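In terms of full-length UniProt numbering, the sequence shown opens at residue 1 and continues consecutively. Read the structure below first, then the notes.
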Amino acid sequence: MRKLDKWKFIGDNGEFKVENIDQSTYLYFPLANEAEMMSAITPRLHGDIKTGQNTFAMRPVSLEDLHNTKSARNFWLKINDQHVWSAAGNSAAQFSNQFSDEAEEDVELEAGLLWHKITRSNSKLNVQSEITNFVPTNSDTVELMRVKIKNTGAEELKIEPTAAVPIYGRSADNLRDHRHVTSLLHRTKTIESGVVVKPTLSFDERGHKQNEVSYAVLGGDENGKAPAGFFPVLEDYIGDGGNLEWPEAVVKSLDNYLAAGEEIDGYETVGALRFDEVTLKAGEEISYVLAVAIAEEDIDFDQLAAKYCSGDKFEKYLTENRDYWQQKLAVVDFDSADQEFDQWMKWVTLQPILRRIYGCSFLPSHDYGRGGRGWRDLWQDCLALLLMEPEPVSDLLYNNFSGVRIDGSNATIIGSEPGEFKADRNDIKRVWMDHGAWPLLTTKLYIDQSGDLEFLLKEQSYFEAGSELKDKNDEIYQGSVIEHFLVQHLTHFFDVGEHNNFLLKNGDWNDGLDMAENKGESVAFTALYGSNLLELAELLKALAAEKSIEKIDLAEELSILLDTIERDFNYQSVDYKREVLSDYRRTCKQGISGRKIEITLTDLISDLESKGQSIFDHLNKNEWIETEAGDKFYNGYYDDDGQRLEGDHPKGVRMTLTGQVFPVMAGAADEDQIQQVVDSADKYLKDLSVGGYRLNTDFKELKTNLGRLFGFAYGHKENGAMFSHMAVMYSNALYKQGFAEAGHKVIDYIYQHCRDFDTSRTYPGIPEYINQRGRGMYPYLTGSASWLLLTVVTQIFGVRGELGNLIIDPKLLKSHFDDQGEAAVKTIFADKLLNITYLNTNQLEAAEYQVQEVKINGQAVGFENKSRAAVIERSLIADSGEEELKIEVVLS
1 MRKLDKWKFI GDNGEFKVEN IDQSTYLYFP LANEAEMMSA ITPRLHGDIK
51 TGQNTFAMRP VSLEDLHNTK SARNFWLKIN DQHVWSAAGN SAAQFSNQFS
101 DEAEEDVELE AGLLWHKITR SNSKLNVQSE ITNFVPTNSD TVELMRVKIK
151 NTGAEELKIE PTAAVPIYGR SADNLRDHRH VTSLLHRTKT IESGVVVKPT
201 LSFDERGHKQ NEVSYAVLGG DENGKAPAGF FPVLEDYIGD GGNLEWPEAV
251 VKSLDNYLAA GEEIDGYETV GALRFDEVTL KAGEEISYVL AVAIAEEDID
301 FDQLAAKYCS GDKFEKYLTE NRDYWQQKLA VVDFDSADQE FDQWMKWVTL
351 QPILRRIYGC SFLPSHDYGR GGRGWRDLWQ DCLALLLMEP EPVSDLLYNN
401 FSGVRIDGSN ATIIGSEPGE FKADRNDIKR VWMDHGAWPL LTTKLYIDQS
451 GDLEFLLKEQ SYFEAGSELK DKNDEIYQGS VIEHFLVQHL THFFDVGEHN
501 NFLLKNGDWN DGLDMAENKG ESVAFTALYG SNLLELAELL KALAAEKSIE
551 KIDLAEELSI LLDTIERDFN YQSVDYKREV LSDYRRTCKQ GISGRKIEIT
601 LTDLISDLES KGQSIFDHLN KNEWIETEAG DKFYNGYYDD DGQRLEGDHP
651 KGVRMTLTGQ VFPVMAGAAD EDQIQQVVDS ADKYLKDLSV GGYRLNTDFK
701 ELKTNLGRLF GFAYGHKENG AMFSHMAVMY SNALYKQGFA EAGHKVIDYI
751 YQHCRDFDTS RTYPGIPEYI NQRGRGMYPY LTGSASWLLL TVVTQIFGVR
801 GELGNLIIDP KLLKSHFDDQ GEAAVKTIFA DKLLNITYLN TNQLEAAEYQ
851 VQEVKINGQA VGFENKSRAA VIERSLIADS GEEELKIEVV LS
């Protein structure tokens, strides 16, 4: 078996190729548009096509289905009346041949931003196929596929072409639930250009409803000529004793295909299209174009085929596809000494967009959930959106606040429309204790980028029982964004365990920590909430100064939680905190009054600072630990027996990465502590065989008093894998606190591991995690992409906002600059496209330089020096008449 070659970038827009690509079974690639068409495709064209949970054109697939031809696009050739060959590599003979050291076929992948091309050459048959797939970027829900067939030999080839795409045509729920019964609903017809299926009813969790969705496989040759006929019934196409790897209709050259205008009811369907026989001379080629379509209303599918199914039409829409995604991603770009890293980051930049399209479902690794995104996904995906498409973010953020409950929790079922929230799944209210922290983190980035402090004063409703919270007068109650923040943070502040950290509840960021609902505590996220309280206080100071505001109105009930204003308080007492929270919950349970009280911003700021600082003091006094070996780091958790998780243990020292990330990111740790955290993480968590820093050490036990993750094999997913999300946040935290070299190592380990394709088996981009064998898992749909993009733009290249002004604060290492001492970044700020070039002619390291001079379009501008960074007034950017600004920054 031949070695799987490394992917190589072949253009300047993320295009790459891989030779011998069929040597990996679990690779897949996304094809999608922003009109809900979502596909997955493998080097052998396996995968699925869908627009949602209940509308799959092809059979839904998980990872282990990727080597199953039941979910494969296929294109067969009967060559010279004797040889049967799959242009997609999906015959039984081709599968067995791949293990030979002298394989008859060479297979190469070439792919770019959401287009996928496989070239397969057979040296024995002297034939080559080139198959390109993509989804048009318009509003049509269709996937296009062009198949080019070339005679690579010296003799003529007579070919009989048959395209075949199995049509599933129903909900993913029916994969095993009523699979045969739902085939009885199929109403199949042949039209001039292909096969159309429209089931009479839909059987899914919504009940039995009349179906309006149609599915079609359409085709034409390069000139748009329609197929000669069709085999629409699956059992007729494969024949008794046949299968999709050796279908009777192809092998025996059956000519009993159906003409257009036939109707067949109640059978499993296949879009099997027979084209006219053709003879190819030496070096000659011919092409065919297929379209797999999903339509939620009656349309003329022959017109759709005329729109797409010819060579020139295919090329037109392929060009549009390339231009669209190139333009969409061009707003963020990097130019460093490592051009391959810059290209790799294009795919990272694409990933948050893919997650917006696919949610956390609908790709083979992501076979959980039924579409949509979770609460924290909403907020973290907006981090990337603020850097790429900032214009709609204000409305998105505002709408999201309507998912907050007055008790500090939030809705966990997210609808497809902005601001649409539904009751919790199966009416089980689950609370992840980290959920309240993310909205402030994202909103602060929005305010820093935009300067829109007035956003804090906007009023929004609350969520309650699948609707909007109403007060005792039966009127919809609304409170300011500030009030929503207070509800989320203050309820958690008082909801503590016996060690005075915030209760873990149903889990935090790590969903696998879900079995410590009674006594479990998340020290890690206690730190983040502490930082948020202090950050909110700073925002309120800025609001008071800029808007000359002295007082704000808050819900009367919140006075209970703002305890420093009118009463004595004792934050070292767990009992005191629990009493306060109990009073608040009891009051809210009686029904929110709707009355407001007036609070001075001075009092409110003081209250928040007292609470935030008390958290930091507590962490450093009680959760900073030292092992018998003298290593120091933070404890991150307590289990459901109230036992501290980390530190010395009879089965070995225990440490989590999460427990270190948030105290460092929050600013609770001083420089000496951060260095000790770095040293300890290097000692206990770093493992370059899996791409860097593991999420935790091996606990060597099944901890049913903490979470299901300990049931996973060690080194997989949340139990000790290199989990990219937390690793990237670790890097972000280190950069934020000035530890540039340590932060760089974290990202570089991940990148270097991913580019070792023979080990990682991932296309360009960052996977969710890397397993014990070093393979990248759960690619594309991961929040780590947003955090990586945020870190590279705002920390490494150092371009970010601060209350609307532009901060230029690069932490680029000497290795990031080219031979001329230059590195550049392109990003959006104040609705302008900024092209920023850094000049480090003395080749200094990050700790050795600061911003010396800034020029905008060749003119030197004044700026404020702030801890080695430059603060540039927003007006210098926003009031420029240019849409694109060239900025030169001299480092010295």
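Where is the CB? At the ideal position from N, CA and C, for every residue including glycine. It should be emphasised that the depicted structure is a prediction, and the values quoted were computed from it without experimental measurement.
Asked	Found
What are the boundary residues of the alpha helix (DSSP H) that SER724 is part of?	724–736
Straight-line CA distance for SER183 to GLN210?	15 Å
I'd like to check one pair, VAL197 with ALA172: are the Cβ atoms closer than 9 Å?	no
Just grab the DSSP bridge partners of PRO161 for me.	LEU77
Comparing alpha-carbon positions, which option in SER394, VAL431, ALA437, LEU441 lies nearest PRO418?	SER394
Which residues in the same chain have their Cβ closer than 6 Å to the Cβ of PRO352, if we skip the five residues on either side of it in sequence?	ASP381, ALA384, ALA785, SER786
If you follow the beta strand (DSSP E) that ARG775 is in, where does it begin and where does it stop?	That residue, ARG775, is in no beta strand (DSSP E); it is neither H nor E in DSSP.
Since TYR684 sits in a beta bridge, which residues does DSSP pair it with?	Note: TYR684 sits in no beta bridge, so no partner.
Is it a yes or a no for the region 501–520 touching the region 700–719, going by three-plus beta-carbon pairs under 8 Å?	yes
Count the other CB atoms within 10 Å of the CB of ASN865; is the residue buried (16 or more) or exposed (fewer)?	exposed
Indicate the three-state DSSP secondary structure (helix, strand or coil) for ILE599 in the structure shown.	strand
Residues in its own chain within less than 7 Å of SER139 by CB, not counting five upstream and five downstream?	ALA35
Taking 8 Å as the limit between beta carbons, can you name the residues of its chain near GLN590, skipping five residues before and five after?	none
For LYS826, which residues of its own chain have a beta-carbon under 6 Å away from its beta-carbon, when the five flanking residues on both sides are left out?	ASP333, ASN835
Do GLU19 and VAL127 count as a contact pair if the criterion is CB distance below 9 Å?	no
Count the other CB atoms within 10 Å of the CB of TYR684; is the residue buried (16 or more) or exposed (fewer)?	buried
Out of LYS541, GLY630, GLU285, SER91, which one is the CA nearest neighbour of LEU456?	LYS541
What do you get for GLU623, buried or exposed, if any count of 16 or more other CB atoms within 10 angstroms of its CB means buried?	buried
Give the DSSP-derived three-state secondary structure of TYR368 in the structure shown.	coil
Per DSSP, MET345 is paired with what?	For MET345, which the question treats as bridged, DSSP gives no partner whatsoever.
Measure the alpha-carbon distance for TYR767 versus LEU781 and round it to whole angstroms.	Going by the sequence as given, residue 767 is Pro instead of Tyr. In a straight line, the C-alpha of PRO767 is about 8 Å away from that of LEU781.
For the beta strand (DSSP E) containing ASP48, list its first residue and its last residue.	47–52
What is the DSSP secondary structure of TYR576, reduced to helix, strand or coil?	helix
Would DSSP call LYS187 helix, strand or coil?	A small correction: the amino acid at residue 187 is Arg; Lys does not occupy that position in the sequence shown. In this structure, ARG187 counts as strand in the three-state DSSP scheme.
Would you call ASP265 buried or exposed, if buried means 16 or more other Cβ atoms sit within 10 Å of its Cβ?	exposed
Looking at LEU397: is its Cβ nearer than 9 Å to the Cβ of PRO439?	yes
Buried or exposed, going by whether 16 or more other CB atoms sit within 10 Å of the CB of VAL270?	buried
Cβ atoms of VAL523 and TYR637: under 9 Å apart, would you say?	yes
Measure the beta-carbon distance from GLY14 to LYS547 and round it to whole angstroms, keeping in mind my assumption that it falls under 8 Å.	44 Å between Cβ atoms; not a contact.
Can you look up LYS444 in the DSSP assignment and give me helix, strand or coil?	helix
Kindly list the residues whose CB is nearer than 6 Å to the CB of LYS117, restricted to its own chain and excluding five residues on each side of it in sequence; keep chain order.	GLU110, THR132
Would you please state the rounded distance, in angstroms, between the beta carbons of MET433 and PHE525? I believe it to be under 8 Å.	6 Å
Roughly how many whole angstroms lie between the Cα atoms of TRP325 and GLY89?	29 Å
With distances taken between CB atoms, is the gap from LYS470 to GLU464 smaller than 9 Å?	yes
May I ask which residues mark the beginning and end of the alpha helix (DSSP H) holding GLN327?	311–329
Once DSSP output is grouped into helix, strand and coil, what is the label at VAL181?	helix
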